[in-house]
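Below: the structure, in structure tokens.
Residue numbers (the UniProt record's numbering): 1 to 69.
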């Protein structure tokens with residue numbers, strides 16, 4: 001069985017003064033790419049994830065949509 005999971009997390013720092021959003025993409029229990037709102041870009045955690053991150057980060061419309069979400 002193959003399983004893909006997308007996990008979204010909000011971390012509240014100093015109450016609600018600062019919120020950090022992290023979105024993780026996991027395939028078969030291995031995280032392959034993630035988005036961190038502090039960085040504002042996707043980062044690859046595997047060789048496949050690095051390719052996905054480069055592709056997503058290079059698309060301005062996709063990134064604007066993700067940053068606004």
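Using N, Cα and C, we set each Cβ at its ideal position, and we do this for glycine too.
Comparing C-alpha distances from residue 44 to each of 61, 38, 28, 24 shows the shortest one belongs to 24.
In the DSSP assignment, residue 47 falls within the unbroken alpha helix (DSSP H) covering 47-57. Secondary structure at residue 29: coil, using DSSP grouped into helix, strand and coil. Around the beta-carbon of residue 15, fewer than 16 other beta-carbon atoms lie within 10 Å, marking it exposed. With a threshold of 16 other beta carbon atoms within 10 Å, residue 2 falls short and is exposed.
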